[in-house]
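In the working numbering, the protein residues as written are 1 to 219.
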C-alpha cells in the first residue's frame, strides 16, 4: 500500500511539473505578465481532497523543487513564493473542510473559498511587500511598467508603484483561488472518484464529512 501511494505521489508530481513547465506558461496575468496562472495547483488541491493534507504538502514541496529544473530566472525566491501561495491555499481549504459544522459539501466549499481568499491574499501581500522593498526594490519600475499600459492607472513614486503592484497581485491571487480550488473540488466529487482511490486510500473529503454521522451531501 505504501509503495502504491509513493507511486501515486510520483505520478502526480510528474503531472504537476508538466503542467507548470508547459501549459501554465501560456496563462499570464495580463496586468502583471510575470505572474502565471499555474494549473498545476489544481492537481495539488485535488490531492488534498482525495488523499489528505500530507500528500498535498509533499506534492507542494516537490513542485517547489521541480520548478528549479531545467532553469528558473529567480531560483528559490520565485518557486518559494509559489510554494507559499500553494500551502496557504491548501491550509485554508483543509481548515474549512475539516472544521466547518455542515454535512453539505457546497457549504464547506464556500467557507474554503472565503478562507483561501483571505489567508492567501494576506500572506502573499505581506511576502511580496518584503521581497519588493528589499531584494527586488530595484525592479519596481520594470514590474510596474505594464500596469499603466493595461489599466491606465499610474504612479510617480516608489510607494505608489509598490501599492499598485501589490493591489494587482492580490487581484491575481483572488482569481487564482477560483481558477484552481473550484476545478479541484469538482474533480474530486466525480461519482466514480471514491472507487478509483479506494485501493490506495479512503477518499479524504468524503471520509472526513462522513465522520459527522449522516454522510456527505453535495447541496
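Just so you know, even glycine gets a beta-carbon here, dropped at the ideal spot from N, CA and C.
Starting from residue i, trace the alpha helix (DSSP H) both ways and give me its first and last residue.
i, result
"residue 54", "53–66"
"residue 33", "Not the alpha helix (DSSP H): residue 33 falls in the beta strand (DSSP E), residues 32–36."
"residue 174", "158–188"
"residue 135", "Element bounds for residue 135: n/a, residue is neither H nor E."
"residue 86", "77–99"
"residue 20", "2–21"
"residue 194", "193–197"
Please confirm whether residue i and residue j have their CB atoms less than 7 Å apart.
i, j, result
"residue 92", "residue 58", "no"
"residue 56", "residue 90", "yes"
"residue 44", "residue 20", "no"
"residue 221", "residue 9", "Residue 221 is absent from the structure shown; the chain starts at 1 and stops at 219."
"residue 203", "residue 194", "yes"
"residue 42", "residue 180", "yes"
"residue 79", "residue 67", "yes"
"residue 209", "residue 106", "no"
"residue 46", "residue 187", "yes"
By Cβ distance, which residues of its chain are closer than 8 Å to residue i, with the 5 residues on each side in sequence left out?
i, result
"residue 169", "32, 35, 124, 125, 128"
"residue 5", "51, 55, 200, 201"
"residue 88", "116, 119, 120, 123, 124"
"residue 148", "154"
Tell me the DSSP bridge mates of residue i?
i, result
"residue 29", "32"
Check each candidate in the options and name the one with the smallest Cα separation from residue i.
i, options, result
"residue 83", "183, 38, 97", "38"
"residue 64", "13, 96, 29", "13"
"residue 144", "122, 130, 135, 167", "167"
"residue 95", "133, 108, 5", "108"
"residue 151", "158, 165, 159, 138", "165"
Within a Cβ cutoff of 7 Å, which residues of the same chain sit near residue i, ignoring the five residues on either side of it in sequence?
i, result
"residue 117", "174, 177"
"residue 214", "In this prediction, residue 214 has a pLDDT of 48, which is less than 50 and means its spatial position is unreliable; nothing more can be read from the coordinates."
"residue 23", "39"
"residue 205", "49, 97, 188"
Keeping to the same chain, check which residues put their C-beta closer than 6 Å to that of residue i; ignore five residues upstream and five downstream.
i, result
"residue 161", "140, 144, 155"
"residue 220", "Residue 220 lies beyond the residue range present for the chain, which begins at 1 and ends at 219; the question has no answer from this structure."
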